[in-house]
Amino acid sequence: MSNQASLDELRAFFRLSATNAERVPASLKAVLSVKTALEGIVEDALGKGRSVVIAGTAGSGKTHLIDPFLDSTQYRVVPDLTTRQEDWSTLFSGGQVLVAGNEGAFLMGAKQGHTRFAEIVEILHRIQLGEEVSDSDLVVIDAAAFDPAGAGAIGQMVANPIISEFIAAESEPYRSAAWHMLSNKIVRDRLAQVVDVASSATGAEGFTFRQLWQFVADIASRGSELQALWFWRVLCGNSLVSERVRETLQPSHLALPHIGSRLWYGDLHGVKDGFLPEAVPILKLLLGNVEHTRAARHVLRMVAAFGMKSSPLDALSERRVDTWSKISQGNDVRKLIRHINSYMHYRLLPLQQDDHLQLWTQTDTERRVLKPHIQISLGSIDPDKFELRRNRVAANSNADGQGLQGKRIMLLLKGTSAVLDVTKDLVDGIDHVRSHRLLDRKDVEHDWRLLNFLAAVARHQQNVSTLHVGHLDFRSRTGNLSTWDLSDGLVTKR
Amino acid sequence: MSSPLEVARIGNPWLTGKSVERIVPLYVLHAFLAPSFKTASKLSLLKDAVVDASLALKGGLSTVVKVPDTDLELFGDVIAGLLAADRRIFNDRKAGGASKEGSLFPVVGGLVKRASDDGLGSSMRHLFELHGGEWKSHLHSMLSPVSVSDPATQCVKNLLGDEWAQSNEEAPPPSGTLSPSDSELVSFISNLIRTTMDASRIAAVRELALGVYLAAIVRMVSGPINEVGAEGPLVFVFAGLPPGDQRDPRVLAASQSYKAWLSSSWRGTHQLLAQRLAEEPSEPNVSIEESRRQRLLHLVAKRVLDKAPAAVTPLEPALGDLPTDEKEWCRAVLEGPAIALTRSELMRRVRSLGSNIGLAGPDRGIGSPRLFFDTPLLNVLVRGIVGDGRMDFESFVSELAQTFGFVVGPGADSDVLDGLKLTGAQGSDPYEIAVSNQELLRERLIRVGLARAYSDSHTEVVVND
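From first to last, the protein sequence lines stand for chains A and B.
No gaps in the numbering here: position 458 of the first sequence is 473 in this note's numbering, and each next residue is one more.
No gaps in the numbering here: position 305 of the second sequence is 311 in this note's numbering, and each next residue is one more.
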């Protein structure tokens with residue numbers, strides 16, 4: 016049981032506009048700490064006498080990782096590299112050290128020529144490109160690459176007893192009853208899943224720890240009646256995470272066959288057996304006072320989505336059939352290449368080897384008004400020469416046996432610097448038919464990213480003797496590929 | 007070009023005529039490149055191939071092109087797709103085949119031929135000639151690569167034969183010096199003249215086309231402002247994904263700034279016209295009408311001797327007009343029916359030119375004109391400003407202002423905003439608008455891979471090679 020002082024500290028922490036680890040009292044830090052695999056990596060390295068570097072952006076968890084080791088006398092601890100610039104030249108010259116800083120500081124140190132800073136920057140870049148690095152004694156962690164949402168951190172956060180006590184102490188029956196649902200692991204897992212899906216939709220990097228704590232603070236905060244219910248605030252709260260959840264989840268999309276109307280008419284007896292026991296108290300309160308408003312209807316959907324024994328949320332996660340989900344969950348290079356090819360030729364060309372990446376190029380210099388009915392390809396590349404990689408979180412660590420991976424997905428031409436960041440917005444963009452409407456500037460951006468990658472790949476292809484040309488007929492929705500032989504100084508139709 | 011426009015060009019030699027839809031990046035590039043390369047004799051055949059492949063083969067291409075008669079149209083499509091993607095090859099309805107006007111994409115030097123661009127390309131070339139340096143040899147390497155590494159270039163080489171990349175004897179460089187602002191533009195374009203020989207060479211030629219065109223547009227507008235010494239020729243550019251929401255305060259600021267920028271340019275043009283007119287002597291004891299006529303003839307003749315009478319004659323009715331104040335008279339003449347270069351007309355021309363490369367918009371009928379950066383243009387800006395390697399983001403923003411007068415935010419020096427005179431909108435003050443606009447640019451650059459964020463406060467713009 017926490018004391019009042021701890022609860023006051025927690026209240027103050029939740030009210031901070033920026034939930035910085037630096038501002039949390041030490042006593043509260045220990046209580047709120049979320050264990051991840053990163054702690055194990057740091058502990059293992061330090062135990063073996065190795066130096067550890069933790070790089071990352073604000074809110075990525077650097078301070079949290081360093082805090083347990085601050086008082087060590089066996090090695091030097093630098094919690095913030097930028098505050099110790101006078102020591103940079105000797106920092107890695109002798110003795111074990113544990114250092115945290117943002118990547119920009121390491122970059123600055125590298126430019127200034129300080130010992131081992133360039134090595135650290137290089138290692139960071141290599142793991143950011145998904146390379147498995149094990150050729151140095153320095154353990155380097157890219158905290159910004161770690162995806163706490165994907166690691167289930169949200170489940171740990173909301174299960175923390177101090178938060179339940181905090182809410183109970185606020186004496187709001189609806190809020191307390193709603194929070195009680197989270198004592199069931201199934202509910203926590205569903206919440207974690209919702210956040211993870213939203214994190215995947217955020218772009219390459221997902222959510223930081225700071226953003227997740229802001230989300231938890233928001234869903235645990237006070238409000239009037241329905242707005243104080245955590246499952247309502249998951250969707251309608253003020254945090255960035257809630258904003259992203261709104262983009263990926265609509266209550267109206269949650270089908271509740273046989274149950275929806277019973278909930279609407281307050282039939283507790285008819286529905287409660289379908290709910291988890293921890294959800295029944297809040298259900299009782301809500302159904303005892305049903306308001307026939309749209310907001311109330313959404314609240315009932317949300318309590319059902321999280322609180323039912325068999326939830327539409329479970330089905331949602333199993334059947335994620337959109338292209339982004341398939342690509343981000345799988346490792347299918349050929350599928351992605353087919354997708355890119357299909358987009359680039361407007362889904363009109365029957366390519367014999369449609370999983371070979373066609374290296375389309377453009378020779379226009381003006382903004383297009385009409386769709387080009389001819390496209391030039393500089394060749395095609397075997398899919399086996401590509402790989403899909405995720406960025407890595409740690410380098411040179413024996414404790415990172417499984418190779419912790421981040422959220423960034425890349426399509427790489429092996430052995431080269433040709434990389435395409437495979438982000439949700441790009442995949443969603445190429446899921447549609449390619450556009451040449453002048454107004455579709457987002458499509459122009461997708462096109463440019465793809466063409467830039469194709470040009471980077473084309474630099475590594477050796478073919479000069481064959482030109483492929485796509486002939487497209489938009490009226491009949493057909494197309495064909497012609498091939499031209501360029502040997503012996505001639506241009507010959509094959 | 008409309009002859010009376012030559013009078014306006016006394017004030018601003020870079021001014022284009024009103025038919026700006028025919029002034030396109032391809033033509034400007036050709037005009038820029040033309041003195042360096044010999045046009046291949048088979049160029050006309052390749053142009054014919056775009057409109058009538060059988061004519062081209064009969065004309066001589068059959069020695070190098072082997073294609074069944076049933077596939078002649080396919081061959082024509084290949085040439086169209088490879089070399090005429092901009093659709094700037096036209097039918098000659100009388101003689102058949104392709105018209106003499108029109109240009110192909112210059113994959114190699116042999117395809118280069120001087121094109122009609124109202125002088126923008128050749129004026130840009132002139133700046134380079136004054137600048138000196140290694141750019142000529144780099145240009146030769148770019149358009150006449152020592153080795154061929156991609157099938158597109160190989161195809162053109164096969165078609166043109168020995169003449170695929172021959173250099174011209176070039177005239178000795180002119181004498182003169184460049185202004186600092188012109189030096190910035192030259193430096194920018196120089197970074198786009200890449201000597202790469204791999205398949206990225208084709209993209210490099212495209213980027214060069216956009217870069218030369220961009221620099222020419224900016225030079226056309228900023229030139230008079232710089233020359234009259236008006237307050238810095240700065241313009242606020244919307245940095246988000248174009249065209250932006252009309253109600254967005256950043257878009258409103260960009261629209262206001264665009265108008266102010268063009269107004270300054272237009273004012274500078276008639277002030278310079280007046281200034282040069284005042285400095286030019288005429289015969290003593292003649293009427294004001296005759297004095298003006300003589301001075302205009304002299305000034306136009308200095309640039310285009312044979313066009314002088316045709317340029318001045320349409321202005322005869324206005325030569326004796328009031329006001330007698332030369333500045334006011336010049337303004338009235340520019341706006342008058344003979345030249346018709348009003349402020350709004352200049353805005354229209356620049357908008358039309360800029361929209362060709364995703365610099366200006368929105369597309370017609372959707373709101374006030376402003377400047378923005380379409381993604382391909384953003385790439386050109388990064389490559390031209392950063393050159394090799396990388397640059398701190400704030401420095402990049404400042405360099406945008408330094409090179410082009412494009413202000414997207416405070417950059418490394420917030421004093422630049424003072425030169426803009428932005429007004430706030432919708433509850434946002436000008437500084438907030440500029441800072442959030444700069445952040446939009448940062449996010450866009452990161453999203454498309456042209457920048458990397460190392461921390462909340464450190465982002466670097468990178469050239470991807």
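Idealized CB from N, CA, C, for every residue including glycine.
Bear in mind the structure is a predicted one, so any value in this text is a computation, not a measurement.
Checklist line | Inter-residue CB distance, A:ALA159 and A:THR72 (contact presumed, cutoff 8 Å) | finding: 5 Å
Next item on the list: With a 10 Å radius around its C-beta and 16 neighbouring C-beta atoms as the bar for buried, classify A:ASN467 as buried or exposed.
Entry: buried
Margin query: Between B:GLU400, B:ARG458, B:VAL114, which has its C-alpha nearest B:ALA40's C-alpha?
Written below: B:VAL114
Next item on the list: Please work out which residues of its chain come closer than 6 Å, Cβ to Cβ, to A:THR338, disregarding the five sequence neighbours upstream and downstream, and give them in chain order.
Entry: VAL442, ASP446
Margin query: So with CB distances below 8 Å, who are the chain A contacts of B:GLN160?
Written below: VAL479, SER480, LEU482, LEU501
Margin query: For A:ASP31, count the other beta carbons within 10 Å of its own beta carbon; 16 or more makes it buried, fewer makes it exposed. Which is it?
Written below: It should be pointed out that residue 31 of chain A corresponds to Leu in this sequence rather than to Asp. By the neighbour-count rule (16 or more Cβ atoms within 10 Å), A:LEU31 is not buried but exposed.
Margin query: Distance check for B:ALA205 and A:ASN478, CA to CA, integer angstroms please.
Written below: 10 Å
Margin query: For B:VAL192 and B:PHE242, which I take to be in contact (beta-carbon distance under 8 Å), what is that distance rounded to the nearest angstrom?
Written below: Between B:PHE242 and B:VAL192 the Cβ distance is about 25 Å, and since that is not below 8 Å, they are no contact.
Checklist line | Near-chain B residues of the region 357-387 of chain A (beta-carbon distance less than 7 Å), N- to C-terminal order | finding: THR376, GLN377, THR378, ASP379, THR380, GLU381, ARG382, PRO387
Item checked: Beta-bridge partners of A:TRP375, as assigned by DSSP -> A:SER392
Next item on the list: Over the uninterrupted beta strand (DSSP E) stretch that includes A:VAL497, give me the two end residues.
Entry: It should be noted that the sequence gives Ser, not Val, for residue 497 of chain A. Counting along the chain, the beta strand (DSSP E) containing A:SER497 begins and ends at 493-500.
Notebook entry, point to check: Taking Cβ-Cβ distances shorter than 7 Å, what residues in chain A pair up with B:ARG349?
Noted result: Those do not exist, as B:ARG349 stays about 25 Å from chain A at its closest Cβ, beyond 7 Å.
Item checked: Three-state secondary structure assigned by DSSP to A:SER149 -> coil
Next item on the list: Starting from the Cα of B:GLN160, find the closest Cα among A:ILE389, A:GLY394, A:PHE321 and give me that residue.
Entry: A:GLY394
Next item on the list: Under 9 Å between beta-carbons, which chain A residues line up against B:ASN385? List them in chain order, please.
Entry: TRP463, ASN467
Check: If you measure from the beta carbon of B:LYS44 to each beta carbon in chain A, is any gap under 8 Å?
Finding: no
Item checked: Burial state of A:LYS108, where buried means 16 or more other Cβ atoms lie within 10 Å -> One point to set straight first is that residue 108 of chain A is Ser, not Lys, in the sequence displayed. Classification of A:SER108: exposed, given that the 10 Å Cβ count is below 16.
Next item on the list: Determine, using beta carbons only, whether A:ALA45 comes closer than 8 Å to chain B.
Entry: no
Notebook entry, point to check: Between B:SER173 and B:THR348, what straight-line distance do the alpha-carbon atoms span, to the nearest angstrom?
Noted result: 42 Å
Check: Which of helix, strand or coil does DSSP assign to A:LEU465?
Finding: helix
Notebook entry, point to check: Can a CB atom of chain A be found closer than 8 Å to the CB of B:HIS464?
Noted result: yes
Checklist line | Neighbour flag for A:ASN117 against chain B, beta carbons, 8 Å | finding: yes
Margin query: Run through chain B and tell me which residues come within less than 8 Å of A:LEU505, C-beta to C-beta.
Written below: VAL70, VAL71, LYS72, ASN164
Check: Measuring CA to CA, which of A:GLN111, A:LYS44, A:VAL93 is closest to A:LEU61?
Finding: A:GLN111
Note to self: With distance defined between alpha-carbon atoms, name the residue in B:LYS142, B:VAL211, B:PRO436 nearest to A:ASP379.
What the structure shows: B:VAL211
Margin query: By the three-class DSSP mapping on this structure, what secondary structure does B:VAL472 have?
Written below: Limits of chain B in this structure are 7 at one end and 471 at the other, which puts residue 472 of chain B out of reach.
Check: If you measure beta-carbon to beta-carbon, which residues of the region 99-119 of chain B are closer than 8 Å to chain A?
Finding: PHE111, VAL113
Next item on the list: Measure the Cβ-Cβ separation of A:ILE274 and A:ALA320 and say whether it is below 8 Å.
Entry: no
Notebook entry, point to check: Considering only the beta carbon of each residue, do A:GLU185 and A:ARG237 sit closer than 8 Å?
Noted result: yes
Next item on the list: Report all residues from its chain with a CB closer than 6 Å to the CB of A:LEU271; omit the five preceding and five following residues, and keep chain order.
Entry: ALA319
Checklist line | Amino acids of chain B, ordered along the chain, whose beta-carbon sits closer than 8 Å to that of A:VAL459 | finding: GLY364, ASP380, THR381, PRO382
Next item on the list: Classify A:ALA70 as helix, strand or coil using the three-state DSSP reduction.
Entry: strand
Margin query: Between A:HIS486 and chain B, is the shortest Cβ-Cβ distance under 8 Å, so that the two count as touching?
Written below: yes
Check: For the region 180-208 of chain B, which residues have a CB atom closer than 7 Å to at least one CB atom of chain A, in sequence order?
Finding: ASP204, ALA205, SER206, ILE208
Next item on the list: State yes or no: is the C-beta of B:VAL13 within less than 8 Å of the C-beta of B:LEU321?
Entry: yes
Check: For B:ARG253, does the count of other Cβ atoms within 10 angstroms reach 16, so buried, or fall short, so exposed?
Finding: exposed
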